[in-house]
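Presented below is the structure to which this report refers.
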Amino acid sequence: MDEDTIVEPHVCVRCSQQALIGIVGRCADCIADMGLRHAEEYAAWKIEVSDSIGRG
Ligand SMILES: [Zn+2]
1215 MDEDTIVEPH VCVRCSQQAL IGIVGRCADC IADMGLRHAE EYAAWKIEVS
1265 DSIGRG
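Using our numbering, read the sequence shown as starting at 1215 and increasing by one per residue.
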């Protein structure tokens, strides 16, 4: 259980800006940027997403 690590749910870990919507710490802008320009980072993030969902 690593729930203690999720203490700032609405601050993007990538650009450090507050975001209304974030998934596994990344804001929507970063997710879009990763999808367009940082394929490896995006793939790693998607693994984090499925891992997070898998843990419930
Ligand atoms: Zn961001």
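In this text, a Cβ means the ideal position worked out from N, Cα and C, and glycines have one as well.
Return yes when at least one heavy atom of ligand 1 lies under 7 Å from the C-beta of Q1232, else no.
Not under cutoff, so the answer is no.
Starting from the C-beta of G1239, find all residues in its chain whose C-beta is less than 6 Å away, skip the five residues before and the five after it, and write them out in chain order.
Non-local beta-carbon contacts of G1239 in its own chain, meaning distances under 6 Å to residues more than five positions away in sequence, involve V1227 in chain order.
Can you tell me the Cα-Cα spacing of R1257 and R1269, whole angstroms?
The sequence shown places Ala at residue 1257, not Arg. So the alpha carbons of these two residues sit roughly 19 Å apart.
Which term fits I1245, buried or exposed, when burial requires 16 or more other beta carbons within 10 angstroms of its beta carbon?
buried
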